[in-house]
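Enquirer: Residue 0 is where the sequence shown starts when you use numbering that gives the first Met the number 0, and the numbers rise one by one after that. Please read through the structure below; I'll follow up with questions.
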Amino acid sequence: MDLADQIQDKINALDLGITVDQGYLTGKQATEVVLYSLPGGTVVEEDFAGNKTERYMFEVTMRSQDQELINRTLFKIAELINDPNFTLTSNDNSFYFTDIEMLGFPHVVSIDVEEFAVYSLDFAVTIDVMNNSKG
Numbered sequence: 000m001d002l003a004d005q006i007q008d009k010i011n012a013l014d015l016g017i018t019v020d021q022g023y024l025t026g027k028q029a030t031e032v033v034l035y036s037l038p039g040g041t042v043v044e045e046d047f048a049g050n051k052t053e054r055y056m057f058e059v060t061m062r063s064q065d066q067e068l069i070n071r072t073l074f075k076i077a078e079l080i081n082d083p084n085f086t087l088t089s090n091d092n093s094f095y096f097t098d099i100e101m102l103g104f105p106h107v108v109s110i111d112v113e114e115f116a117v118y119s120l121d122f123a124v125t126i127d128v129m130n131n132s133k134g
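Shown next as structure tokens:
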């Protein structure tokens, strides 16, 4: 399934001045933005044919010493998520986009002694996954 890839591409199309990568913060760069899935994804419903509506939780996390940059970047991503025309298209037909929901505003997670701040933005994506078995 290419759901995370499609979300990453959509966010990177915003031209934020920094590339959003998939994975976790490494601390190897002064400023990092990452996208990753959170635990808690669930099957919302399933029909007798095996087609499912699934909900996945994601988080965008940013680390930098520039909190203004973090806020500006994450709020641009939040605006994208809240856009009523937001949509995703699977390149491999593994899902059909249904909905995206922001689960709160960007929020501070931590600030260390070197004044590196970490902020996160959480959201949920609902998709339909069709059972393609010929069973």
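Note that CB positions come from ideal geometry on N, CA and C, so glycine has one too.
#1: Roughly how many angstroms separate the alpha carbons of residue 127 and residue 100, rounded to a whole number?
#2: Under 8 Å, with one C-beta from each stretch per pair, do the stretch 37-56 and the stretch 74-90 reach the 3-pair mark?
#3: I'd like to know if the stretch 100-113 and the stretch 29-37 are in contact, where contact means that at least 3 CB-CB pairs between them fall below 8 Å.
#4: If you draw a straight line from the C-alpha of residue 71 to the C-alpha of residue 51, how long is it?
Expert: To lay it out plainly:
#1: Taking the Cα positions, residue 127 is about 15 Å away from residue 100.
#2: no
#3: no
#4: 36 Å
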